[in-house]
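To keep things clear, I will list the structure first and then write my remarks on it.
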Amino acid sequence: MEVFTSIACALLGLVFILMFLMKFINIISNGVVARKQIIICLINLLTALLLLHFHFEIDI
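Heads up: the sequence shown begins at 1 in the UniProt record's numbering, then just goes up one per residue.
Rendered as structure tokens:
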């Protein structure tokens with residue numbers, strides 16, 4: 001069961017990292033930065049980092 005949880009956390013972490021990168025590139029390319037966009041982007045980054053941290057904690 002731990003293996004499936006670890007794999008799920010890793011995959012979700014990668015998905016959130018990709019979402020963060022897409023939003024970050026979109027923010028940079030538009031040049032217009034709204035506070036809401038930055039907050040959503042940072043929430044995606046924080047979620048991804050927490051999921052990847054949990055993935056490595058399970059593996060150890």
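Note that CB positions come from ideal geometry on N, CA and C, so glycine has one too.
Limits of the alpha helix (DSSP H) - the one that residue i falls within
i, result
"M22", "2-30"
Contacts around residue i, its chain only, beta-carbon distance under 7 Å, and the 5 residues preceding and following it disregarded
i, result
"C41", "F20, K23, F24, I27"
Whole-number beta carbon distance between residue j and residue i, since they are thought to touch under 8 Å
i, j, result
"L52", "A10", "7 Å"
"F4", "N44", "The Cβ separation is near 24 Å, so there is no contact."
Neighbourhood of residue i by C-beta, 8 Å cutoff - its chain only, sequence neighbours within 5 removed
i, result
"V33", "I27"
"I38", "I27"
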